[in-house]
Amino acid sequence: MDAVAFRAFYGATVRPLVRHLKKLGVDRPEDLEDVMQEAYAQAFRGIGSVRAEEARVAWLFTIARRQWGRTLERRKKLTPIGEDADDPAAPDDGRPSAEDALDRQGTFGRLKTMIAQIGDAKQREAVELFYLYDWDLAEVSAKLAVNPSTVTTWLARFRTRVRGALAAPKPRRLVSLSWRRGTR
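Have a look at this one:
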């Protein structure tokens, strides 16, 4: 894609992207600027790989969401433990973070346990890198020296296992035995 076409893409997507990022909790203008700048830089480098026009916006949103996640992770690593709770300057908008919500449900711990139970070391590392460290598929496959389709298969199998483990049990339907026999 040439610069003129990318400029048109930028013009068509900048406002929806800002709305999307604000829904994700990017409130500070400097954070919004940083995330958008990184997202559009990555999009400019790789937009030629996305052939479908309608998929480009979703792809851009994914890049921005992951960039915001990386920013939050960096902040978390830079903040000493216990310091943010007493810091009056720490933003508290009353909304729990996604990790806090998962921790409250016990889901995050269950996910980490499920990852640790994966038997094959390469598969386990692929799942950790992709889901816990937010690496993209190409980076994971390059690090592990396996085909990207293999990594995709491993990730799909893990998602299936997680869905099965986290699915709410179906309620049992109580039926009177007398009704089943027709003696009701």
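Converting from the sequence shown to my numbering requires adding 355 to each position, the first position being numbered 1. Ideal placement from N, C-alpha and C gives every residue a C-beta, glycine not left out.
Helix, strand or coil, according to DSSP, for ILE418 in the structure here? helix
I'd like to know if the stretch 414–423 and the stretch 475–487 are in contact, where contact means that at least 3 CB-CB pairs between them fall below 8 Å. no
Sorted by chain position, which residues of the same chain lie with C-beta nearer than 8 Å to LEU372's C-beta, five sequence neighbours on each side aside? MET391, ALA394, LEU415, PHE416 and ALA419
Could you check what DSSP says for ALA481 in three-state terms: helix, strand or coil? helix
Return the first residue and the last residue of the alpha helix (DSSP H) that VAL369 is part of. 358–378
Nonlocal neighbours in the same chain, by C-beta distance under 6 Å from GLN397, ignoring five residues either side: ILE418
Please classify THR368 as buried or exposed, where buried requires at least 16 neighbouring CB atoms within 10 angstroms. buried
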